[in-house]
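Have a look at the structure below before the remarks.
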(Lines of atoms letter the chains of each structure in order from A and count residues from 1; the text may use other names and numbers.)
(Lines give C-alpha, C1' and ligand atoms only; values in the text may rest on other atoms or scores of the structure.)
Protein backbone atom coordinates (compact mmCIF):
# COMPACT_ATOMS: atom_id res chain seq x y z
CA UNK A 1 0.00 0.00 0.00
CA UNK A 2 1.32 3.46 -0.92
CA UNK A 3 1.68 5.62 2.19
CA UNK A 4 1.07 9.00 0.62
CA UNK A 5 3.78 11.54 1.24
CA UNK A 6 2.74 15.14 1.92
CA UNK A 7 5.21 17.57 0.37
CA UNK A 8 4.49 21.06 1.66
CA UNK A 9 7.19 22.96 -0.14
CA UNK A 10 6.49 22.80 -3.87
CA UNK A 11 9.05 24.51 -6.11
CA UNK A 12 7.87 26.22 -9.24
CA UNK A 13 10.18 24.04 -11.30
CA UNK A 14 8.55 20.82 -10.15
CA UNK A 15 7.24 20.13 -13.64
CA UNK A 16 10.82 20.33 -14.89
CA UNK A 17 12.40 18.25 -12.14
CA UNK A 18 15.49 16.41 -13.21
CA UNK A 19 14.66 13.29 -11.26
CA UNK A 20 13.11 10.28 -12.89
CA UNK A 21 9.66 10.79 -14.32
CA UNK A 22 8.63 7.41 -13.01
CA UNK A 23 5.76 7.65 -10.54
CA UNK A 24 7.34 4.79 -8.65
CA UNK A 25 6.56 1.27 -7.57
CA UNK A 26 2.89 1.03 -6.53
CA UNK A 27 3.87 -1.64 -4.00
CA UNK A 28 6.44 0.57 -2.23
CA UNK A 29 5.82 1.35 1.45
CA UNK A 30 6.78 4.60 3.17
CA UNK A 31 7.29 4.06 6.89
CA UNK A 32 9.34 7.16 7.73
CA UNK A 33 8.31 9.09 10.85
CA UNK A 34 9.40 12.70 10.46
CA UNK A 35 8.91 16.32 11.50
CA UNK A 36 10.32 18.90 9.12
CA UNK A 37 10.70 22.69 8.98
CA UNK A 38 11.46 24.07 5.53
CA UNK A 39 12.07 27.47 3.99
CA UNK A 40 12.38 28.22 0.29
CA UNK A 41 13.06 30.93 -2.27
CA UNK A 42 12.42 30.89 -6.03
CA UNK A 43 13.19 33.74 -8.42
CA UNK A 44 14.15 34.45 -12.02
CA UNK A 45 12.67 35.28 -15.40
CA UNK A 46 12.65 31.78 -16.94
CA UNK A 47 9.01 31.18 -16.04
CA UNK A 48 5.49 31.04 -17.39
CA UNK A 49 3.47 34.22 -17.79
CA UNK A 50 1.44 33.87 -14.57
CA UNK A 51 4.19 32.41 -12.40
CA UNK A 52 5.40 34.87 -9.73
CA UNK A 53 8.59 36.83 -10.21
CA UNK A 54 9.74 35.53 -6.81
CA UNK A 55 8.34 33.24 -4.11
CA UNK A 56 9.27 32.90 -0.46
CA UNK A 57 7.80 30.15 1.70
CA UNK A 58 8.05 28.74 5.20
CA UNK A 59 6.44 25.45 6.13
CA UNK A 60 6.17 22.88 8.90
CA UNK A 61 5.14 19.30 8.17
CA UNK A 62 5.05 15.95 9.88
CA UNK A 63 4.12 12.35 9.18
CA UNK A 64 4.27 9.06 11.02
CA UNK A 65 2.98 5.52 11.35
CA UNK A 66 2.22 3.37 14.36
CA UNK A 67 1.06 -0.17 15.02
CA UNK A 68 -2.13 -0.78 16.97
CA UNK A 69 -2.06 -4.50 17.41
CA UNK A 70 -2.12 -5.94 13.90
CA UNK A 71 -3.40 -2.68 12.43
CA UNK A 72 -1.23 0.08 10.99
CA UNK A 73 -2.26 3.70 11.51
CA UNK A 74 -0.69 6.72 9.83
CA UNK A 75 -1.08 10.46 10.03
CA UNK A 76 0.12 13.55 8.18
CA UNK A 77 -0.09 17.29 8.80
CA UNK A 78 1.44 20.49 7.51
CA UNK A 79 1.25 24.26 7.29
CA UNK A 80 2.86 26.63 4.79
CA UNK A 81 2.94 30.44 4.57
CA UNK A 82 3.84 31.71 1.15
CA UNK A 83 4.55 35.16 -0.31
CA UNK A 84 4.41 35.53 -4.10
CA UNK A 85 5.75 38.70 -5.67
CA UNK A 86 4.75 40.04 -9.08
CA UNK A 87 1.93 37.66 -10.08
CA UNK A 88 0.55 38.74 -13.44
CA UNK A 89 -3.20 38.59 -14.18
CA UNK A 90 -4.17 35.42 -12.28
CA UNK A 91 -6.89 35.76 -9.64
CA UNK A 92 -7.27 32.05 -8.82
CA UNK A 93 -5.38 29.61 -6.61
CA UNK A 94 -3.54 27.98 -9.53
CA UNK A 95 -4.10 29.11 -13.10
CA UNK A 96 -1.99 26.15 -14.35
CA UNK A 97 -3.92 23.28 -12.77
CA UNK A 98 -5.27 22.26 -16.18
CA UNK A 99 -8.62 24.06 -16.24
CA UNK A 100 -8.61 26.76 -18.97
CA UNK A 101 -11.52 28.62 -17.30
CA UNK A 102 -9.77 31.03 -14.95
CA UNK A 103 -9.99 34.76 -14.44
CA UNK A 104 -7.99 37.76 -13.36
CA UNK A 105 -7.89 41.52 -13.66
CA UNK A 106 -5.84 43.97 -15.68
CA UNK A 107 -3.46 44.63 -12.77
CA UNK A 108 -0.65 42.63 -11.20
CA UNK A 109 0.53 42.43 -7.63
CA UNK A 110 1.84 40.46 -4.67
CA UNK A 111 -0.02 37.59 -3.01
CA UNK A 112 -0.01 36.02 0.46
CA UNK A 113 -1.10 32.37 0.81
CA UNK A 114 -1.76 30.07 3.77
CA UNK A 115 -2.02 26.32 3.20
CA UNK A 116 -2.98 23.64 5.73
CA UNK A 117 -2.93 19.92 4.96
CA UNK A 118 -3.88 16.88 7.01
CA UNK A 119 -4.29 13.20 6.34
CA UNK A 120 -4.79 9.81 7.92
CA UNK A 121 -4.47 6.19 6.83
CA UNK A 122 -5.58 2.86 8.22
CA UNK A 123 -4.46 -0.58 7.08
CA UNK A 124 -5.98 -3.84 8.19
CA UNK A 125 -3.82 -6.87 9.02
CA UNK A 126 -3.02 -9.48 6.38
CA UNK A 127 -5.58 -12.27 6.24
CA UNK A 128 -5.30 -15.17 3.81
CA UNK A 129 -2.93 -13.16 1.63
CA UNK A 130 -5.25 -10.14 1.46
CA UNK A 131 -5.05 -6.68 2.95
CA UNK A 132 -7.34 -3.63 2.87
CA UNK A 133 -6.47 0.00 3.44
CA UNK A 134 -8.07 3.43 3.64
CA UNK A 135 -6.47 6.85 3.17
CA UNK A 136 -7.99 10.31 3.75
CA UNK A 137 -6.41 13.64 2.80
CA UNK A 138 -7.61 17.21 3.21
CA UNK A 139 -6.11 20.54 2.15
CA UNK A 140 -7.40 24.04 2.66
CA UNK A 141 -5.82 27.20 1.32
CA UNK A 142 -6.57 30.92 1.29
CA UNK A 143 -4.82 33.67 -0.62
CA UNK A 144 -5.24 37.40 -1.13
CA UNK A 145 -3.50 40.00 -3.24
CA UNK A 146 -2.14 42.88 -1.20
CA UNK A 147 -3.01 45.55 -3.80
CA UNK A 148 -6.43 46.79 -4.94
CA UNK A 149 -8.90 45.49 -5.98
CA UNK A 150 -7.56 42.71 -3.69
CA UNK A 151 -8.84 39.50 -5.31
CA UNK A 152 -8.89 36.50 -3.01
CA UNK A 153 -9.48 32.77 -3.16
CA UNK A 154 -10.57 30.04 -0.75
CA UNK A 155 -9.82 26.44 -1.63
CA UNK A 156 -10.93 23.15 -0.10
CA UNK A 157 -9.48 19.89 -1.42
CA UNK A 158 -10.57 16.50 -0.04
CA UNK A 159 -9.54 13.05 -1.24
CA UNK A 160 -10.29 9.47 -0.26
CA UNK A 161 -8.67 6.31 -1.58
CA UNK A 162 -9.06 2.62 -0.87
CA UNK A 163 -6.48 -0.10 -1.39
CA UNK A 164 -6.67 -3.83 -1.87
CA UNK A 165 -3.62 -6.11 -1.93
CA UNK A 166 -3.75 -9.77 -2.89
CA UNK A 167 -0.72 -12.04 -2.54
CA UNK A 168 -1.51 -14.88 -4.95
CA UNK A 169 1.76 -16.70 -4.35
CA UNK A 170 5.31 -15.94 -3.22
CA UNK A 171 5.94 -14.84 -6.80
CA UNK A 172 2.91 -12.71 -7.71
CA UNK A 173 0.90 -9.95 -6.03
CA UNK A 174 -1.93 -7.66 -7.11
CA UNK A 175 -2.72 -4.13 -5.95
CA UNK A 176 -5.89 -2.10 -6.63
CA UNK A 177 -6.33 1.50 -5.56
CA UNK A 178 -9.59 3.34 -6.43
CA UNK A 179 -10.09 6.88 -5.22
CA UNK A 180 -12.07 10.09 -5.43
CA UNK A 181 -11.04 13.74 -5.07
CA UNK A 182 -13.24 16.81 -4.74
CA UNK A 183 -12.02 20.43 -5.02
CA UNK A 184 -14.11 23.51 -4.25
CA UNK A 185 -12.68 26.96 -4.95
CA UNK A 186 -14.26 30.36 -4.36
CA UNK A 187 -12.94 33.61 -5.84
CA UNK A 188 -13.92 37.17 -5.04
CA UNK A 189 -12.79 40.36 -6.71
CA UNK A 190 -13.92 43.98 -6.56
CA UNK A 191 -15.41 45.69 -3.53
CA UNK A 192 -13.68 49.09 -3.22
CA UNK A 193 -10.81 50.02 -5.52
CA UNK A 194 -9.18 53.31 -6.49
CA UNK A 195 -7.59 51.64 -9.52
CA UNK A 196 -9.12 51.59 -12.97
CA UNK A 197 -9.23 47.80 -13.28
CA UNK A 198 -11.39 45.46 -15.30
CA UNK A 199 -12.03 41.71 -15.11
CA UNK A 200 -10.95 39.29 -17.83
CA UNK A 201 -12.39 35.76 -17.98
CA UNK A 202 -10.31 33.25 -19.90
CA UNK A 203 -12.49 30.81 -21.83
CA UNK A 204 -9.88 28.66 -23.48
CA UNK A 205 -6.57 29.45 -25.13
CA UNK A 206 -7.38 32.91 -26.42
CA UNK A 207 -11.14 33.46 -26.22
CA UNK A 208 -12.31 35.63 -23.32
CA UNK A 209 -14.91 37.93 -21.82
CA UNK A 210 -13.95 41.23 -20.23
CA UNK A 211 -15.71 44.10 -18.54
CA UNK A 212 -15.38 46.94 -16.05
CA UNK A 213 -14.79 45.90 -12.47
CA UNK A 214 -17.51 46.38 -9.89
CA UNK A 215 -17.71 43.17 -7.89
CA UNK A 216 -17.69 39.57 -9.02
CA UNK A 217 -17.78 36.14 -7.42
CA UNK A 218 -16.71 32.86 -8.97
CA UNK A 219 -16.93 29.20 -7.99
CA UNK A 220 -15.16 26.11 -9.28
CA UNK A 221 -16.20 22.57 -8.38
CA UNK A 222 -13.98 19.73 -9.52
CA UNK A 223 -14.46 15.96 -9.21
CA UNK A 224 -11.79 13.42 -10.04
CA UNK A 225 -12.32 9.65 -10.06
CA UNK A 226 -9.22 7.52 -10.45
CA UNK A 227 -8.17 3.88 -10.41
CA UNK A 228 -4.73 2.32 -10.27
CA UNK A 229 -3.93 -1.38 -10.69
CA UNK A 230 -0.56 -3.08 -10.43
CA UNK A 231 0.93 -6.55 -10.67
CA UNK A 232 4.24 -7.33 -9.02
CA UNK A 233 6.56 -10.26 -9.52
CA UNK A 234 9.17 -11.58 -7.12
CA UNK A 235 12.41 -9.70 -7.58
CA UNK A 236 10.81 -6.27 -7.91
CA UNK A 237 9.39 -6.36 -11.44
CA UNK A 238 6.00 -4.68 -11.76
CA UNK A 239 3.50 -3.23 -14.21
CA UNK A 240 1.00 -0.56 -13.17
CA UNK A 241 -1.94 0.95 -15.04
CA UNK A 242 -3.84 4.09 -14.03
CA UNK A 243 -6.85 5.98 -15.32
CA UNK A 244 -8.75 9.03 -14.13
CA UNK A 245 -11.72 11.16 -15.17
CA UNK A 246 -11.89 14.77 -14.03
CA UNK A 247 -14.85 17.15 -14.46
CA UNK A 248 -14.86 20.86 -13.57
CA UNK A 249 -17.82 23.25 -13.46
CA UNK A 250 -17.11 26.99 -13.24
CA UNK A 251 -19.95 29.40 -12.40
CA UNK A 252 -20.33 33.06 -11.50
CA UNK A 253 -22.44 34.59 -8.78
CA UNK A 254 -23.37 33.32 -5.33
CA UNK A 255 -27.10 33.85 -4.83
CA UNK A 256 -28.04 33.00 -8.42
CA UNK A 257 -25.02 31.32 -10.05
CA UNK A 258 -24.83 31.15 -13.83
CA UNK A 259 -22.65 28.66 -15.73
CA UNK A 260 -19.42 29.94 -17.24
CA UNK A 261 -17.54 26.85 -18.40
CA UNK A 262 -17.26 23.07 -18.11
CA UNK A 263 -14.01 21.15 -18.49
CA UNK A 264 -13.59 17.37 -18.76
CA UNK A 265 -10.30 15.50 -18.86
CA UNK A 266 -9.49 11.80 -19.18
CA UNK A 267 -6.01 10.50 -18.31
CA UNK A 268 -4.43 7.11 -18.97
CA UNK A 269 -0.96 5.99 -17.93
CA UNK A 270 1.18 2.86 -17.75
CA UNK A 271 4.55 2.23 -16.17
CA UNK A 272 6.68 -0.77 -15.43
CA UNK A 273 10.13 -1.89 -14.37
CA UNK A 274 12.04 -5.16 -14.68
CA UNK A 275 15.22 -5.55 -12.58
CA UNK A 276 18.05 -7.45 -14.29
CA UNK A 277 20.75 -7.89 -11.72
CA UNK A 278 22.29 -4.50 -11.00
CA UNK A 279 20.32 -2.87 -13.82
CA UNK A 280 16.65 -1.85 -13.75
CA UNK A 281 15.19 -0.74 -17.08
CA UNK A 282 11.79 0.97 -16.95
CA UNK A 283 9.19 2.27 -19.37
CA UNK A 284 6.31 4.67 -18.80
CA UNK A 285 3.69 6.39 -20.91
CA UNK A 286 0.89 8.86 -20.33
CA UNK A 287 -1.88 10.37 -22.42
CA UNK A 288 -4.67 12.74 -21.55
CA UNK A 289 -7.33 14.54 -23.51
CA UNK A 290 -9.35 17.53 -22.32
CA UNK A 291 -12.48 19.19 -23.68
CA UNK A 292 -13.90 22.57 -22.65
CA UNK A 293 -17.39 23.97 -23.14
CA UNK A 294 -18.30 27.64 -22.68
CA UNK A 295 -21.79 28.90 -21.89
CA UNK A 296 -23.03 31.90 -23.86
CA UNK A 297 -26.13 33.79 -22.79
CA UNK A 298 -28.92 34.97 -25.05
CA UNK A 299 -32.41 36.42 -24.76
CA UNK A 300 -35.25 34.20 -25.93
CA UNK A 301 -38.42 35.37 -27.72
CA UNK A 302 -40.34 35.09 -24.45
CA UNK A 303 -37.92 37.47 -22.75
CA UNK A 304 -36.13 34.81 -20.69
CA UNK A 305 -32.36 34.77 -20.49
CA UNK A 306 -30.80 31.35 -20.99
CA UNK A 307 -27.35 29.86 -21.53
CA UNK A 308 -26.24 27.43 -24.21
CA UNK A 309 -23.00 25.46 -24.17
CA UNK A 310 -20.51 25.61 -27.03
CA UNK A 311 -17.70 23.05 -27.15
CA UNK A 312 -14.60 24.80 -28.49
CA UNK A 313 -11.59 24.01 -26.25
CA UNK A 314 -9.40 20.96 -26.88
CA UNK A 315 -6.19 19.83 -25.19
CA UNK A 316 -4.30 16.62 -26.03
CA UNK A 317 -0.99 15.63 -24.46
CA UNK A 318 1.17 12.54 -24.54
CA UNK A 319 4.52 11.55 -23.10
CA UNK A 320 6.72 8.47 -23.16
CA UNK A 321 9.87 7.68 -21.26
CA UNK A 322 12.53 4.97 -21.24
CA UNK A 323 15.01 4.89 -18.38
CA UNK A 324 17.53 2.66 -16.69
CA UNK A 325 19.01 2.65 -13.19
CA UNK A 326 22.21 1.00 -11.98
CA UNK A 327 23.21 -0.11 -8.50
CA UNK A 328 26.78 -1.16 -7.57
CA UNK A 329 27.50 -4.77 -6.78
CA UNK A 330 29.59 -4.02 -3.70
CA UNK A 331 29.32 -1.44 -0.94
CA UNK A 332 29.90 1.96 -2.48
CA UNK A 333 29.06 5.62 -1.80
CA UNK A 334 27.00 5.51 -5.00
CA UNK A 335 23.58 4.13 -4.17
CA UNK A 336 22.02 4.43 -7.61
CA UNK A 337 22.79 6.12 -10.92
CA UNK A 338 20.80 6.27 -14.08
CA UNK A 339 19.27 8.26 -16.87
CA UNK A 340 16.47 8.34 -19.37
CA UNK A 341 15.05 9.70 -22.58
CA UNK A 342 11.59 11.27 -22.79
CA UNK A 343 9.41 12.36 -25.69
CA UNK A 344 6.49 14.74 -25.11
CA UNK A 345 3.79 16.24 -27.30
CA UNK A 346 1.08 18.83 -26.69
CA UNK A 347 -1.72 20.32 -28.77
CA UNK A 348 -4.06 23.07 -27.53
CA UNK A 349 -6.90 24.46 -29.63
CA UNK A 350 -9.50 27.17 -29.12
CA UNK A 351 -12.08 27.16 -31.91
CA UNK A 352 -13.62 30.53 -30.99
CA UNK A 353 -10.40 32.50 -31.37
CA UNK A 354 -9.13 29.96 -33.92
CA UNK A 355 -5.93 29.46 -31.92
CA UNK A 356 -3.75 26.36 -32.17
CA UNK A 357 -0.54 25.69 -30.24
CA UNK A 358 1.39 22.46 -30.88
CA UNK A 359 4.87 21.34 -29.92
CA UNK A 360 6.96 18.21 -29.51
CA UNK A 361 10.15 17.98 -27.47
CA UNK A 362 12.69 15.45 -26.24
CA UNK A 363 14.51 15.38 -22.92
CA UNK A 364 17.66 13.55 -21.94
CA UNK A 365 18.42 13.31 -18.22
CA UNK A 366 20.83 11.66 -15.80
CA UNK A 367 20.95 11.38 -12.02
CA UNK A 368 23.08 9.92 -9.24
CA UNK A 369 22.40 9.39 -5.52
CA UNK A 370 25.23 8.95 -3.01
CA UNK A 371 25.37 8.00 0.66
CA UNK A 372 28.40 8.73 2.86
CA UNK A 373 26.86 7.43 6.08
CA UNK A 374 26.06 10.76 7.79
CA UNK A 375 25.83 12.61 4.47
CA UNK A 376 23.50 11.99 1.51
CA UNK A 377 23.55 13.73 -1.84
CA UNK A 378 21.52 13.64 -5.04
CA UNK A 379 22.40 15.30 -8.33
CA UNK A 380 20.36 15.43 -11.50
CA UNK A 381 20.66 17.21 -14.83
CA UNK A 382 18.52 17.28 -17.96
CA UNK A 383 18.49 18.92 -21.35
CA UNK A 384 15.23 19.61 -23.14
CA UNK A 385 15.25 20.05 -26.92
CA UNK A 386 12.33 21.25 -28.97
CA UNK A 387 11.71 19.08 -32.04
CA UNK A 388 8.73 20.82 -33.63
CA UNK A 389 6.52 23.79 -32.81
CA UNK A 390 3.72 25.71 -34.48
CA UNK A 391 1.40 28.45 -33.24
CA UNK A 392 -1.31 30.47 -34.92
CA UNK A 393 -4.22 32.73 -33.92
CA UNK A 394 -6.76 34.07 -36.40
CA UNK A 395 -8.54 36.33 -33.90
CA UNK A 396 -5.98 37.48 -31.32
CA UNK A 397 -7.23 38.81 -28.00
CA UNK A 398 -5.73 40.61 -25.05
CA UNK A 399 -4.64 37.29 -23.53
CA UNK A 400 -3.22 35.77 -26.71
CA UNK A 401 0.01 37.74 -26.62
CA UNK A 402 0.29 38.47 -22.90
CA UNK A 403 -0.37 34.88 -21.72
CA UNK A 404 -0.60 32.06 -24.22
CA UNK A 405 2.12 33.11 -26.66
CA UNK A 406 4.49 33.73 -23.73
CA UNK A 407 3.67 30.30 -22.30
CA UNK A 408 4.21 28.79 -25.74
CA UNK A 409 7.69 30.33 -26.00
CA UNK A 410 8.47 29.00 -22.52
CA UNK A 411 7.31 25.47 -23.40
CA UNK A 412 9.23 25.34 -26.70
CA UNK A 413 12.53 26.86 -25.56
CA UNK A 414 15.59 24.61 -25.45
CA UNK A 415 16.50 24.48 -21.78
CA UNK A 416 19.11 23.12 -19.38
CA UNK A 417 17.70 21.91 -16.05
CA UNK A 418 19.46 20.81 -12.88
CA UNK A 419 18.88 19.88 -9.24
CA UNK A 420 21.25 19.27 -6.32
CA UNK A 421 20.11 18.20 -2.87
CA UNK A 422 21.97 17.05 0.23
CA UNK A 423 21.23 15.99 3.78
CA UNK A 424 23.46 15.76 6.87
CA UNK A 425 22.43 13.41 9.70
CA UNK A 426 23.51 13.74 13.31
CA UNK A 427 21.85 10.78 14.94
CA UNK A 428 22.06 7.02 15.04
CA UNK A 429 20.94 4.11 12.90
CA UNK A 430 18.15 1.88 14.24
CA UNK A 431 17.32 -1.29 12.30
CA UNK A 432 19.17 0.09 9.32
CA UNK A 433 17.18 3.37 9.28
CA UNK A 434 18.50 6.83 10.15
CA UNK A 435 17.16 8.46 13.29
CA UNK A 436 17.81 11.85 14.83
CA UNK A 437 18.24 15.40 13.56
CA UNK A 438 19.21 16.27 10.02
CA UNK A 439 19.85 19.35 7.89
CA UNK A 440 18.88 19.46 4.22
CA UNK A 441 19.83 21.82 1.41
CA UNK A 442 18.36 21.93 -2.09
CA UNK A 443 19.06 23.93 -5.21
CA UNK A 444 17.43 23.57 -8.60
CA UNK A 445 17.23 25.71 -11.67
CA UNK A 446 16.51 26.10 -15.32
CA UNK A 447 18.10 28.20 -18.05
CA UNK A 448 17.03 29.00 -21.60
CA UNK A 449 19.05 31.52 -23.61
CA UNK A 450 19.69 34.43 -21.24
CA UNK A 451 16.77 33.61 -18.92
CA UNK A 452 17.18 31.71 -15.67
CA UNK A 453 15.07 30.46 -12.79
CA UNK A 454 16.73 29.53 -9.49
CA UNK A 455 15.21 27.73 -6.51
CA UNK A 456 16.75 27.32 -3.05
CA UNK A 457 15.46 25.48 0.01
CA UNK A 458 16.82 24.68 3.45
CA UNK A 459 15.14 22.23 5.81
CA UNK A 460 15.67 21.03 9.37
CA UNK A 461 14.06 17.84 10.55
CA UNK A 462 14.07 14.92 12.93
CA UNK A 463 13.38 11.27 12.10
CA UNK A 464 12.13 8.90 14.77
CA UNK A 465 11.70 5.55 13.08
CA UNK A 466 10.95 2.23 14.69
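Numbering (the numbering used here), first residue to last: -16 to 449. The beta-carbon is built from N, C-alpha and C at its ideal position, and this holds for glycine as well. None of the values given here were measured: they were computed from a predicted structure.
Residue i in three-state terms, based on DSSP
{"i": "residue 68", "result": "strand"}
{"i": "residue 261", "result": "coil"}
{"i": "residue 390", "result": "helix"}
{"i": "residue 432", "result": "coil"}
{"i": "residue 44", "result": "strand"}
{"i": "residue 38", "result": "strand"}
{"i": "residue 125", "result": "strand"}
{"i": "residue 448", "result": "coil"}
{"i": "residue 249", "result": "strand"}
{"i": "residue 341", "result": "strand"}
{"i": "residue 382", "result": "helix"}
{"i": "residue 377", "result": "coil"}
{"i": "residue 272", "result": "strand"}
{"i": "residue 230", "result": "strand"}
Beta-carbon contacts of residue i that lie in its chain and below 7 Å, excluding the five residues immediately before and after
{"i": "residue 18", "result": "45, 444, 445"}
{"i": "residue 78", "result": "33, 85"}
Nearest to residue i (by Cα), restricted to the options the options
{"i": "residue 28", "options": "169, 70, 52, 22", "result": "70"}
{"i": "residue 293", "options": "187, 142, 433", "result": "187"}
{"i": "residue 397", "options": "287, 102, 429, 425", "result": "429"}
{"i": "residue 112", "options": "153, 126, 79, 130", "result": "153"}
{"i": "residue 366", "options": "325, 73, 189", "result": "325"}
{"i": "residue 337", "options": "297, 321, 38, 301", "result": "297"}
{"i": "residue 209", "options": "387, 63, 425, 249", "result": "249"}
{"i": "residue 23", "options": "432, 427, 433", "result": "427"}
{"i": "residue 104", "options": "244, 118, 98", "result": "118"}
{"i": "residue 382", "options": "333, 401, 356, 287", "result": "333"}
{"i": "residue 369", "options": "163, 328, 121, 387", "result": "328"}
{"i": "residue 343", "options": "433, 395, 143", "result": "395"}
{"i": "residue 316", "options": "280, 335, 20, 357", "result": "357"}
{"i": "residue 192", "options": "155, 64, 277", "result": "277"}
{"i": "residue 85", "options": "97, 275, 62", "result": "275"}
{"i": "residue 123", "options": "184, 335, 141", "result": "141"}
{"i": "residue 202", "options": "194, 224, 235", "result": "235"}
{"i": "residue 425", "options": "431, 51, 402, 418", "result": "402"}
{"i": "residue 184", "options": "115, 225, 364, 89", "result": "89"}
{"i": "residue 244", "options": "79, 295, 272", "result": "295"}
{"i": "residue 242", "options": "145, 440, 290, 271", "result": "290"}
{"i": "residue 60", "options": "16, 350, 246", "result": "16"}
Classification of residue i by the beta-carbon crowding that lies within 10 angstroms, buried from 16 upward
{"i": "residue 82", "result": "buried"}
{"i": "residue 100", "result": "buried"}
{"i": "residue 285", "result": "exposed"}
{"i": "residue 35", "result": "buried"}
{"i": "residue 165", "result": "exposed"}
{"i": "residue 228", "result": "exposed"}
{"i": "residue 387", "result": "buried"}
{"i": "residue 4", "result": "Low per-residue confidence applies at residue 4: pLDDT is 33, beneath 50, and the placement is therefore not dependable, though the value from the model is reported in the following sentence. It is buried - the Cβ of residue 4 has at least 16 other Cβ atoms within 10 Å."}
{"i": "residue 254", "result": "buried"}
{"i": "residue 421", "result": "buried"}
{"i": "residue 129", "result": "exposed"}
{"i": "residue 267", "result": "buried"}
{"i": "residue 56", "result": "exposed"}
{"i": "residue 352", "result": "buried"}
{"i": "residue 400", "result": "buried"}
{"i": "residue 313", "result": "exposed"}
Nonlocal neighbours in the same chain, by C-beta distance under 6 Å from residue i, ignoring five residues either side
{"i": "residue 204", "result": "167, 232"}
{"i": "residue 14", "result": "48"}
{"i": "residue 310", "result": "261, 319"}
{"i": "residue 423", "result": "406, 442"}
{"i": "residue 67", "result": "35, 38, 94"}
{"i": "residue 171", "result": "135, 200"}
{"i": "residue 41", "result": "22, 64"}
{"i": "residue 377", "result": "337"}
{"i": "residue 143", "result": "119, 163"}
{"i": "residue 121", "result": "101, 141"}
{"i": "residue 269", "result": "252, 302"}
{"i": "residue 225", "result": "211, 252"}
{"i": "residue 434", "result": "28, 29"}
{"i": "residue 431", "result": "29, 396, 398"}
{"i": "residue 359", "result": "406"}
Residue-level contact to chain B via CB, residue i, 8 Å cutoff
{"i": "residue 397", "result": "As a matter of chain content, chain B is missing from the structure shown, which is built from one protein chain."}
Integer Cβ distance of residue i from residue j, believed to fall under 8 Å
{"i": "residue 87", "j": "residue 73", "result": "5 Å"}
{"i": "residue 361", "j": "residue 404", "result": "5 Å"}
{"i": "residue 180", "j": "residue 220", "result": "Not quite, the Cβ-Cβ distance comes to about 57 Å (not below 8 Å), so this is no contact."}
{"i": "residue 150", "j": "residue 156", "result": "5 Å"}
{"i": "residue 139", "j": "residue 436", "result": "Actually they do not touch by this definition, with Cβ atoms about 30 Å apart."}
{"i": "residue 322", "j": "residue 348", "result": "6 Å"}
Chain-order list of residues whose beta-carbon lies under 8 Å from that of residue i (same chain, five-residue window excluded)
{"i": "residue 391", "result": "340, 342, 372, 374"}
{"i": "residue 380", "result": "189, 190, 191, 336"}
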